[in-house]
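There are 2 protein chains.
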Amino acid sequence: MGILRLPPRSPAFTSLTTAHVSHLRALLSSPTSLLSSLDGSATNDDLTAFNVDWMGKYAGKSQVLVKPKTTKELSTVVKWCHDHNVAIVPQGGNTGLVGGSTPIHDELILCLSNLNAVRSFDPVSGILTAEAGIILEQADSFLASKGFIFPLDLGAKGSCQIGGNVATNAGGLRLLRYGSLRGSVLGLEVVLPDGRIWSGFSGLRKDNTGYDLKQLFIGSEGSIGIITAISILCPRRPTSTNVAVFSVPSYAACLKVFSQAKAHLGEILSAFEMFDATSYEAVKKYGGGGTGRNVFENESEGPFYCLVETGGSNTEHDSEKLSSLFETLLSDSLILDGVLAQDASQAHNLWQIREECPSALSAAGKAYKYDLSVPVDKMYEVVERMKERMESLAWVGGKVKDVAGFGHMGDGNLHLNVVATEFSEEVQSAIEPFVYQLTAEYNGSISAEHGLGAMKAPYISYSQSPASIELMKRLKKTFDPKGIMNPYKFIL
Amino acid sequence: MGILRLPPRSPAFTSLTTAHVSHLRALLSSPTSLLSSLDGSATNDDLTAFNVDWMGKYAGKSQVLVKPKTTKELSTVVKWCHDHNVAIVPQGGNTGLVGGSTPIHDELILCLSNLNAVRSFDPVSGILTAEAGIILEQADSFLASKGFIFPLDLGAKGSCQIGGNVATNAGGLRLLRYGSLRGSVLGLEVVLPDGRIWSGFSGLRKDNTGYDLKQLFIGSEGSIGIITAISILCPRRPTSTNVAVFSVPSYAACLKVFSQAKAHLGEILSAFEMFDATSYEAVKKYGGGGTGRNVFENESEGPFYCLVETGGSNTEHDSEKLSSLFETLLSDSLILDGVLAQDASQAHNLWQIREECPSALSAAGKAYKYDLSVPVDKMYEVVERMKERMESLAWVGGKVKDVAGFGHMGDGNLHLNVVATEFSEEVQSAIEPFVYQLTAEYNGSISAEHGLGAMKAPYISYSQSPASIELMKRLKKTFDPKGIMNPYKFIL
């Protein structure tokens, strides 16, 4: 995808040898916990799934993968790396979009998959304590069996890991309802860059004894420590859920629909998502695993669509609230049409339209993808101005098929896609850094929820002041003076 | 209150002179922004309200009070202090309970009261940007006029300031519903210890570009910078509110009432508070401004009381949910009796019973007060074990009148009061550090929401590991190498 400009390998880090691998292996309880092409325990092909991200955009050349089975074991490995100046990339489900979880060069890959136990769950407080390598969907299924819900949901739930979710401060589909992980994560266990285990665990909802160190690790993308377990406050699972999709005549009307949804649905509003006609057309054509999807009859289609979800504790009350919203939206002509799911399967199908936007746009062409935070009232202007730029270059219909926008409107989080016919330096240079300048102009953030990783590290100054960047560098230095943790990314 | 063991004055800090005061005065736009007993612009008596906390427990001897009118002015003052090694204590509403906002010796007092403008409010996103010195109640009234609510409420709302609330990570009455400030505060403006203004502002709900620096300042009690403005996400104000108080036969039953309240009220539960009979008796006798208060007929009184508040968007729906809770509680014999407020004035009166617990217990004797976080299922054991200790010393009915507990049960936050006849070293030594050891035994926190300040700084090791304390010291040193910010407190 375009040309990646990545930093060169630092000579400060040790190049691992067969001798190193056998030292490392001696620290581990099981021979299956280390795979390396250096000692023949793996081929380079075996390591590809860990060296390359799922988009195929970032490809490292690590020859050593370690999958510790306990925090203690992981801590021993990190201490060894620290003592031997070995660079490390921690890896969860490897579902990131910014090249944060794969090696840039030959960093040792520390995979969290084998740390996957639920340590405890307290049904009175709703506090779950679990290891980092649990798949998000598995954690949520476990909680569902207890009547609770994981306060985070996102498209990659079937493969992303909860440790990675916290390390990247993932946002997702229900932040509107359950808030940020910064509020719901109550404690962390972290292996520090020198191998010490920091137990910042808590079964407590409140703790005001000093700086809240765990906040430094949330969203730190493995740059100052490796999260090995989390404790998190989980809400009761809603017993009543409704999903509706509306077609909307304009973005201005989407804003009014959002206001009305907040007013009528109040405390039961659990998601408010938006996608534009270009995204919808892509899903119609390429969604449903390639067979396509449709919700609206042609005469009811509009330039915009809003998906509204409610989650409550009383089916009758929730339906009444939703009906009252529906009536207002129709009588105020804020929507062209609407579909209300009649059962769980229809609800799932409506969600699929929104959730398939990214993959459908990728199927429609070569999609340049940007995850931006913009004040909600101006959010769609970013899409329009990007389209104007492509039009001014006379590329639309040629090099560029279309420009699309969808995202978590309730949180002002836009996913902007420029769908080109080819990935090329010419197209990329027309988009970047223009897209970041545009975002800065709206006082937005160049990364709403995906993080910086390798992709956006060079552009941090579009969202952070020199004073902030200087403080961040000081923090990185304070925690990881040797710089071995996930180098070449995040804070350069 | 007992004997305060406070650190001696550090010789590293400059003692201010008349010459310093005139230099400082020249930096300010208004002569009323600096009060000092050194140049006769104030008497020592004038400064007492700023030198002494509201409980009269901590008394500093500062001779200089500065009240800047703008962030720029405040930054100039801090830079001057930094260059001249002058120690600073930032002060908001001075309503804290741990001696965090008054000088210990002769630190310059930097008062935030004059920084009190609302900078902006966006009714689409609910984001308020406002200066630190605004009184919490005023901020909430402003939001009420727009149909929104400040996501924090606490007893001192009439005098505490929102900057101080954030600097101490205040919890309060509705954390159960609106979550921690760590989730709702979106951005901060902070004057750093060297006088630079750090603008970590955001009108954005999501921003994943680097370490979340603002989290370091939330709850840092003025130790690494002075919060001058905040941006915060405010929810819609509930249009329907109900308050009920139940008398409950045991703490085990309180736990079941809490579970049932969560199950029946779901998303509309906005507060769940508990107080014991000792607290209630004190309110009956000393509440209502001294005239006393009563809720229950004698035959309905119990050893425990739970206050439940709902906040929703539909009166009828909310009443139905509350009735269904009431029926279950009565049919399962989980409560002895219950009172449901019929109007706003009755709701206010019910809240007053709970809110007057601290002052009524102080009126009942000399009350040693502790703010502890304990897993909710064991919360009341701490009160019982403290009472046992006082009984084992044969003090109950003598030196100690009683031991009482109340608090934010929904958050596992206990306010423990030991009501003595006199403050004495003997009684204090029997309580401390026993109370902290006890809390540690339950894996609790010695400060749930009040912070460390001067009072609990020496006891941090009961709640934080050596590794955590070491990291905190490194952070303090990184941000404030001269140690001028709020010295003798927090992290020693």
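These protein sequence lines map, in sequence, to chains A and B.
Under the numbering used here, the first residue of the first sequence carries the number 1, and numbering increases by one thereafter.
Under the numbering used here, the first residue of the second sequence carries the number 1001, and numbering increases by one thereafter.
Where a beta carbon is used, it is the ideal one built from N, C-alpha and C, also for glycine.
Remember, predicted model here, so these are calculated numbers, not experimental data.
Cβ-Cβ distance between residue i and residue j below 9 Å
{"i": "residue 1442 of chain B", "j": "residue 1378 of chain B", "result": "yes"}
{"i": "residue 1413 of chain B", "j": "residue 1404 of chain B", "result": "no"}
{"i": "residue 1058 of chain B", "j": "residue 1102 of chain B", "result": "yes"}
{"i": "residue 1348 of chain B", "j": "residue 1268 of chain B", "result": "no"}
{"i": "residue 1061 of chain B", "j": "residue 1106 of chain B", "result": "yes"}
{"i": "residue 1173 of chain B", "j": "residue 1408 of chain B", "result": "yes"}
{"i": "residue 288 of chain A", "j": "residue 355 of chain A", "result": "no"}
{"i": "residue 198 of chain A", "j": "residue 1333 of chain B", "result": "no"}
{"i": "residue 1132 of chain B", "j": "residue 1228 of chain B", "result": "yes"}
Residue i at chain A interface by Cβ criterion, 9 Å
{"i": "residue 1271 of chain B", "result": "no"}
{"i": "residue 1264 of chain B", "result": "yes"}
{"i": "residue 1198 of chain B", "result": "yes"}
{"i": "residue 1450 of chain B", "result": "yes"}
{"i": "residue 1267 of chain B", "result": "yes"}
{"i": "residue 1230 of chain B", "result": "no"}
{"i": "residue 1489 of chain B", "result": "no"}
{"i": "residue 1156 of chain B", "result": "no"}
{"i": "residue 1168 of chain B", "result": "yes"}
{"i": "residue 1213 of chain B", "result": "yes"}
{"i": "residue 1001 of chain B", "result": "Note that residue 1001 of chain B has pLDDT 42, beneath the 50 cutoff, so the model's placement of it is unreliable and the number below is only indicative. No - not a single Cβ of chain A is within 9 Å of the one on residue 1001 of chain B."}
Segment limits, alpha helix (DSSP H) that includes residue i
{"i": "residue 1044 of chain B", "result": "1044-1051"}
{"i": "residue 1165 of chain B", "result": "1162-1167"}
{"i": "residue 1357 of chain B", "result": "1357-1364"}
{"i": "residue 1217 of chain B", "result": "1213-1217"}
{"i": "residue 61 of chain A", "result": "Unbroken run through residue 61 of chain A: none, as it is neither H nor E."}
{"i": "residue 1083 of chain B", "result": "1071-1083"}
{"i": "residue 281 of chain A", "result": "277-286"}
Within-9 Å CB hit, residue i to chain B
{"i": "residue 513 of chain A", "result": "The question about residue 513 of chain A has no answer here: the residues shown for chain A are numbered 1 through 492."}
{"i": "residue 274 of chain A", "result": "no"}
{"i": "residue 456 of chain A", "result": "yes"}
{"i": "residue 501 of chain A", "result": "With chain A represented from 1 up to 492, any question about residue 501 of chain A goes unanswered, as that position is not in the structure."}
{"i": "residue 467 of chain A", "result": "yes"}
{"i": "residue 471 of chain A", "result": "yes"}
{"i": "residue 25 of chain A", "result": "no"}
Spatial distance of residue i from residue j (CA atoms)
{"i": "residue 445 of chain A", "j": "residue 492 of chain A", "result": "18 Å"}
{"i": "residue 235 of chain A", "j": "residue 204 of chain A", "result": "15 Å"}
{"i": "residue 1219 of chain B", "j": "residue 1191 of chain B", "result": "15 Å"}
{"i": "residue 482 of chain A", "j": "residue 476 of chain A", "result": "10 Å"}
{"i": "residue 327 of chain A", "j": "residue 264 of chain A", "result": "11 Å"}
{"i": "residue 429 of chain A", "j": "residue 452 of chain A", "result": "19 Å"}
{"i": "residue 1488 of chain B", "j": "residue 33 of chain A", "result": "49 Å"}
{"i": "residue 480 of chain A", "j": "residue 1459 of chain B", "result": "28 Å"}
{"i": "residue 1468 of chain B", "j": "residue 471 of chain A", "result": "20 Å"}
{"i": "residue 1395 of chain B", "j": "residue 1211 of chain B", "result": "51 Å"}
{"i": "residue 1290 of chain B", "j": "residue 1284 of chain B", "result": "9 Å"}
{"i": "residue 1176 of chain B", "j": "residue 1249 of chain B", "result": "24 Å"}
{"i": "residue 238 of chain A", "j": "residue 151 of chain A", "result": "12 Å"}
{"i": "residue 1002 of chain B", "j": "residue 1374 of chain B", "result": "With a pLDDT of only 43 at residue 1002 of chain B, under 50, the local geometry of the prediction cannot be trusted, and the value read off the model is given with reservation. Going from the Cα of residue 1002 of chain B to the Cα of residue 1374 of chain B covers about 25 Å."}
{"i": "residue 1069 of chain B", "j": "residue 1214 of chain B", "result": "23 Å"}
{"i": "residue 73 of chain A", "j": "residue 232 of chain A", "result": "24 Å"}
{"i": "residue 303 of chain A", "j": "residue 241 of chain A", "result": "27 Å"}
{"i": "residue 1113 of chain B", "j": "residue 1088 of chain B", "result": "16 Å"}
{"i": "residue 1147 of chain B", "j": "residue 1164 of chain B", "result": "24 Å"}
Boundaries (first-last residue) of the beta strand (DSSP E) holding residue i
{"i": "residue 417 of chain A", "result": "413-420"}
{"i": "residue 88 of chain A", "result": "88-91"}
{"i": "residue 198 of chain A", "result": "197-200"}
{"i": "residue 1241 of chain B", "result": "1240-1248"}
{"i": "residue 1186 of chain B", "result": "1185-1191"}
>> Closer than 7 Å between beta carbons: that is the criterion. Which residues of the segment 102-125 of chain A meet it against chain B?
In response: 124 and 125
> At a Cβ cut of 8 Å, what residues of the segment 1308-1341 of chain B count as close to chain A, listed as they run along the chain?
Replying inline: 1311, 1312, 1313, 1314, 1317, 1320 and 1321
> Name the residues in the segment 349-378 of chain A whose C-beta lies less than 7 Å from a C-beta of chain B; which are they?
Replying inline: Going along the segment 349-378 of chain A in chain order, one finds 373, 375, 376 and 377 with a Cβ nearer than 7 Å to chain B.
>> If the cut-off is 9 Å on Cβ atoms, which residues from the segment 387-414 of chain A count as contacting chain B, listed in chain order?
In response: Within the segment 387-414 of chain A, the qualifying residues are 408, 410, 411, 412 and 413.
> Just by C-beta distance, which residues in the segment 59-91 of chain A are closer than 7 Å to chain B?
Replying inline: none
> Taking Cβ-Cβ distances below 7 Å as the criterion, which residues of the segment 123-154 of chain A are in contact with chain B?
Replying inline: 124 and 125
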